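Take 73 as the starting number for the sequence shown in my numbering and just add one per residue. Glycine included, each C-beta is placed from N, C-alpha and C at the ideal position. Note that the structure is predicted; figures quoted are calculated from it, not measured. Single-structure report; data block below.
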Amino acid sequence: MGKDVIVACDFASKDALVEFLDKFSNAGRKPFVKIGMELFYAEGPEIVKAVKERGHKIFLDLKLCDIPNTVKKSMKVLSNLDVDMTNLHAFGTKEMMKAAIEGLTREDGTRPILIAVTQLTSTSEERMKNDLLIDAPLAEVVEHYAKCAAESGLDGVVCSPHEASRVKEVCGKNFVTVTPGIRFADSAADDQVRIMTPEKAKSVGSDYIVVGRPITAADDPVAAYERCVREFVD
Ligand code: C5P
């Protein structure tokens, strides 16, 4: 599994995204790009096609969670968009995850990397207990959901870098870990709580780091991206 830096392009419009990506094109760089709900709902599937045409790999972060049949059909639509990675909520159960793989797999047997969200990083143990009636410790829930994802045939999970090595222990070293919550040692945490540097994320076995504001809000986004690559990949 090749390690890579995925840039979370949390922009409100295509214009803002294009202006950002032009800086990278001018520097001869083509980062792996994450397109989330905000941009997808604002611009529709055309935004995926436009970024693909520019030659970027795409992680389409739409976190599907619905009845198996609906997820299967939606995944089929996403596989036709030719993204490289997409995701769903493990909360939707194994049946839903298996249906998702069926929908995502193209006629030639290929499919994008499919990963599961275990528990959102915004869900604390207290919220899980009070709002979701889940009494188990958060770490146990994350491990269990990761195991269910692996048993359903998914490729990996989105998790905190602090959970990455444990997920690998439970699900195997080839099970992909995609980890947000990345900050340089000298940058602001923003609203992220459990953060890690790119260098440390590499040492705990993350396969992909997802980096947003430390790159998108930097004075020199290309330099910030290159620093991530130096610390995490090289
Ligand atoms: O700007 P920042 O580096 O915090 O962006 C992190 C990205 O990763 C955002 O797009 C956020 O939605 C996403 N993410 C996260 N925590 C998760 C799952 C996704 O921060 N558990």
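Report the rounded CA-to-CA distance for residue i versus residue j, giving the unit in angstroms.
i, j, result
"Lys-374", "His-234", "The structure shown does not extend to residue 374, since the chain spans only 73 to 306, so no value can be given for it."
"Ile-62", "Ile-287", "Missing from the structure shown is residue 62; the chain here goes from 73 to 306 and no further."
"Pro-103", "His-128", "6 Å"
"Pro-266", "Gln-191", "Rather than Pro, the amino acid found at residue 266 in this sequence is Arg. Distance between the alpha carbons of Arg-266 and Gln-191: 14 Å."
"Ala-218", "Ser-275", "20 Å"
"Met-268", "Val-294", "20 Å"
"Arg-199", "His-216", "18 Å"
"Val-90", "Ala-208", "44 Å"
"Arg-302", "Val-230", "22 Å"
"Gly-164", "Val-282", "23 Å"
"Met-147", "Ala-99", "34 Å"
"Asn-141", "Asp-291", "45 Å"
"Cys-81", "Gly-108", "7 Å"
"Val-250", "Glu-125", "24 Å"
"Ser-259", "Gly-284", "12 Å"
"Ala-122", "Asp-87", "11 Å"
"Arg-255", "Asp-180", "39 Å"
"Lys-201", "Thr-177", "36 Å"
"Val-248", "Thr-195", "22 Å"
"Arg-238", "Thr-182", "29 Å"
"Ala-289", "Leu-93", "13 Å"
"Ala-114", "Ser-97", "24 Å"
"Gly-244", "Val-79", "26 Å"
"Cys-220", "Asn-246", "15 Å"
"Arg-299", "Ala-261", "17 Å"
"Ala-236", "Ala-84", "30 Å"
"Val-149", "Gly-74", "27 Å"
"Val-242", "Arg-101", "35 Å"
Taking all protein chains shown into account, do 16 or more other C-beta atoms lie within 10 angstroms of the C-beta of residue i, making it buried, or fewer, making it exposed?
i, result
"Val-155", "buried"
"Ile-139", "exposed"
"Pro-270", "buried"
"Leu-186", "buried"
"Asp-133", "buried"
"Gly-228", "buried"
"Leu-111", "buried"
"Lys-240", "buried"
"Ala-273", "buried"
"Leu-204", "exposed"
Is the CB-CB distance between residue i and residue j below 9 Å?
i, j, result
"Lys-135", "Gly-175", "no"
"Thr-280", "Phe-131", "It should be pointed out that residue 280 corresponds to Tyr in this sequence rather than to Thr. Result yes, Cβ atoms of Tyr-280 and Phe-131 sit closer than 9 Å."
"Val-189", "Ala-162", "yes"
"Gln-264", "Thr-158", "no"
My understanding is that residue i touches residue j, with C-beta atoms under 8 Å, so please give their C-beta distance in whole angstroms.
i, j, result
"Leu-153", "Cys-137", "That pair is no contact at about 19 Å."
"Gly-253", "Ser-232", "6 Å"
"Ser-151", "Pro-184", "6 Å"
"Val-305", "Val-105", "16 Å between Cβ atoms; not a contact."
"Ile-206", "Val-214", "Actually they do not touch by this definition, with Cβ atoms about 11 Å apart."
Taking 9 Å as the threshold (beta carbon to beta carbon), is residue i in contact with chain D?
i, result
"Glu-197", "In summary, chain D is missing from the structure at hand, where a single protein chain is found."
Contact between the stretch 163–174 and the stretch 217–231 (3+ Cβ pairs under 8 Å): Taking a cut-off of 8 Å on C-beta distances, the stretch 163–174 touches the stretch 217–231, as three or more cross pairs fall below it.
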